[in-house]
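Counting in our numbering, the sequence shown runs from 69 upward without gaps. Beta carbons are placed, not taken as given, at the ideal position from N, Cα and C, and that holds for glycine.
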Amino acid sequence: MTTHRLDAIGPLRWIGQVIAWTVILGVGLVVAAAVVVPRIAGATPYTVLTSSMEPGMPPGTLVVTRPVEAEEVRVGDVITYQLESGRPTVVTHRVVGVEYDLTGELRLITQGDANDIPDADAVLPVQVRGERWYAIPFIGHITTKISNDTRQVATVAVATALVGYAGFMFVGAVRDRRTTRSTTHQNISTEEGAPR
Numbered sequence: 069m070t071t072h073r074l075d076a077i078g079p080l081r082w083i084g085q086v087i088a089w090t091v092i093l094g095v096g097l098v099v100a101a102a103v104v105v106p107r108i109a110g111a112t113p114y115t116v117l118t119s120s121m122e123p124g125m126p127p128g129t130l131v132v133t134r135p136v137e138a139e140e141v142r143v144g145d146v147i148t149y150q151l152e153s154g155r156p157t158v159v160t161h162r163v164v165g166v167e168y169d170l171t172g173e174l175r176l177i178t179q180g181d182a183n184d185i186p187d188a189d190a191v192l193p194v195q196v197r198g199e200r201w202y203a204i205p206f207i208g209h210i211t212t213k214i215s216n217d218t219r220q221v222a223t224v225a226v227a228t229a230l231v232g233y234a235g236f237m238f239v240g241a242v243r244d245r246r247t248t249r250s251t252t253h254q255n256i257s258t259e260e261g262a263p264r
């Protein structure tokens with residue numbers, strides 16, 4: 069009866085570990101994509117707040133933009149730009165036209181994918197914050213709920229918890245191996261010492 073119980077615990081424990089590692093890897097990938105990679109690459113994460121870029125980037129999408137020279141932007145690129153130069157409010161829309169005014173200054177015409185007409189004002193090079201590098205749906209909902217300071221603390225806490233859990237699992241696996249080896253060694257010794 070004990071053997072059957074141990075046999076049942078083995079697969080359940082294995083399934084539990086698979087689920088735990090899947091969650092750990094998933095959380096780790098999200099943290100890396102939303103915080104670590106942008107910081108290392110000099111990129112900036114933004115959250116889409118409106119439905120103007122649906123269906124590709126619905127509200128709550130985390131958009132990571134990397135710096136780009138306005139002269140390198142082409143029709144079809146998705147850029148993040150300031151509504152007014154020097155102001156913090158930004159918009160992420162697709163470039164639908166590249167023009168030059170009479171003085172030769174570059175002007176980018178943008179439009180939301182879900183909008184029927186281009187944006188009213190052209191974007192000047194000084195307003196461009198970057199071009200879309202990658203986007204992750206729904207993760208932006210989480211980042212808008214917490215401040216930058218809280219986000220940094222949460223990132224460190226999650227990373228510490230993941231490393232701690234990984235260490236705990238590793239120590240448990242080593243302990244189980246030693247126990248199995250010790251039991252196997254004792255069984256072999258008993259069999260060798262048994263009268264024949």
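When DSSP states are grouped into helix, strand and coil, residue 139 belongs to the helix group.
With a cutoff of 8 Å on beta-carbon distance, residue 160 and residue 200 are scored as near each other.
Taking the C-beta atoms as reference points, residue 113 is found no nearer than 8 Å to residue 119. Cβ-Cβ distances below 6 Å link residue 121 to 180, 181 in the same chain, with the five nearest sequence neighbours on each side left out; the list follows chain order. Cβ-Cβ separation between residue 163 and residue 142: approximately 7 Å, consistent with a contact (criterion under 8 Å).
Annotated as distal: residue 129 and residue 229, with beta-carbon spacing of 8 Å or more.
A buried status is given to residue 148, since no fewer than 16 other beta-carbon atoms sit within 10 Å of its beta-carbon.
Counting every other CB atom within 10 Å of its CB across the protein chains shown gives residue 85 a total below 16, marking it as exposed. No Cβ-Cβ contact shorter than 8 Å links residue 191 with residue 171.
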